[in-house]
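Novice:
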Amino acid sequence: MLWTIFVILLVLWLVGLVSFHAIGWYIHILLVLALVVLLIQLISGRRPVV
0 MLWTIFVILL VLWLVGLVSF HAIGWYIHIL LVLALVVLLI QLISGRRPVV
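In numbering that gives the first Met the number 0, the protein residues as written are 0 to 49.
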């Protein structure tokens, strides 16, 4: 679940990085959210049950 959110946020950040120069703050918020999700996933260390 968290990896899915991380990937979605990372893709949105990359799209925003190359296409939206006018709203740079939004890009950085997406990057920070993606990093926070990644850190939570790494710290928790649990394997998701499918």
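Note that beta-carbon positions come from the ideal geometry of N, C-alpha and C, so glycine has one too.
For Ile7 and Gln40, I'd like the C-alpha separation in whole angstroms.
Specialist: Here residue 7 refers to the residue found at position 8 of the sequence shown. Here residue 40 refers to the residue found at position 41 of the sequence shown. So the two alpha carbons sit approximately 14 Å from each other.
Novice: In terms of alpha-carbon separation, which member of Phe5, Met0 and Leu1 lies closest to Leu30?
Specialist: Position 31 of the sequence shown, counted from the first residue, corresponds to residue 30. Closest option to Leu30, Cα to Cα, is Phe5.
Novice: Use the C-beta contact count for Val14: other C-beta atoms within 10 angstroms, 16 or more gives buried, fewer gives exposed.
Specialist: Translated into positions along the sequence shown, residue 14 becomes position 15. By the C-beta density criterion, Val14 is exposed, having fewer than 16 other C-beta atoms within 10 angstroms.
Novice: Check each candidate in Trp24, Val36 and Val17 and name the one with the smallest Cα separation from Thr3.
Specialist: The residue you call residue 3 lines up with position 4 of the sequence shown. It is Val36.
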